[in-house]
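Peer 1:
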Amino acid sequence: MAGNDPLSDALGGLDNAESVGHLDYTVKPASNIVGSILEVLYDRGYVDGFEYVEDGKAGLFEVELKGAINECGAVKPRYSVGADDYERWEKRYLPARDYGALIVTTSHGVMSHYEAREQGIGGQVIAYVY
1 MAGNDPLSDA LGGLDNAESV GHLDYTVKPA SNIVGSILEV LYDRGYVDGF EYVEDGKAGL
61 FEVELKGAIN ECGAVKPRYS VGADDYERWE KRYLPARDYG ALIVTTSHGV MSHYEAREQG
121 IGGQVIAYVY
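Okay, so the sequence shown: first residue is 1 according to our numbering, each after it adds one.
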């Protein structure tokens, strides 16, 4: 049975697959937000790669894991964060300073909080990974 939140299901499944040592994981159903978050995870070095596969339904993502994720999850509810408030949310969701990343959705797209801080833009915190 599928849950009501595809983002939370996808990140929870990735976390579980990493913790038991799997080398790949299938995220289904695929969505634009999950694809954007996988792109951030790839850019930050947490996954080796991912590919969208059309299955005639909603599609799916085949994700290649590399064993770099200690924990990841969705942030619910989605908190708004200003351009200078990222440190508060780092303290809340990440175990140490400059360890891991918050994933935020902004008016410029989905990105890590490091990129958002560099560009000086705020957004909403939607996930974390370390």
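The C-beta atom is built at its ideal place from N, Cα and C for all residues, glycine as well.
All values derive from a computational prediction rather than experimental measurement.
Should A101 and L94 be called a contact, given that it needs their Cβ atoms to be closer than 9 Å?
Peer 2: Their beta carbons are under 9 Å apart, which means A101 touches L94 by this criterion.
Peer 1: Take the Cβ of K28 as the centre, count every other Cβ of all protein chains shown within 10 Å, and call the residue buried at 16 or more, exposed below.
Peer 2: Per the 10 Å Cβ criterion, buried.
Peer 1: Only counting the same chain, and skipping five residues up and downstream in sequence, which positions put a Cβ closer than 7 Å to that of V40?
Peer 2: Excluding positions up to five away in sequence, the list reads I103, V110, M111, S112.
Peer 1: What does a CB cutoff of less than 8 Å around S173 pick up in its chain, not counting 5 residues either side in sequence?
Peer 2: This structure does not reach residue 173, given that the chain is present from 1 up to 130, and the question cannot be answered.
Peer 1: Taking the continuous beta strand (DSSP E) assigned at R78, which residues delimit it?
Peer 2: R78 -> beta strand (DSSP E) spans 72-81.
Peer 1: Where does E87 sit, in a helix, a strand or coil, going by DSSP?
Peer 2: Of the three classes helix, strand and coil, the one that applies to E87 here is helix, per DSSP.
Peer 1: Have a look at V63 and D98 and give me their C-alpha separation to the nearest angstrom.
Peer 2: Each residue's alpha carbon lies about 25 Å from the other.
Peer 1: Would DSSP call L23 helix, strand or coil?
Peer 2: Coil.
Peer 1: Between which two residues does the alpha helix (DSSP H) carrying G35 extend?
Peer 2: 32-43 is the extent of the alpha helix (DSSP H) around G35.
Peer 1: When the Cα atoms are used, what is the spatial distance from G67 to L38?
Peer 2: The straight-line gap from Cα to Cα measures roughly 15 Å.
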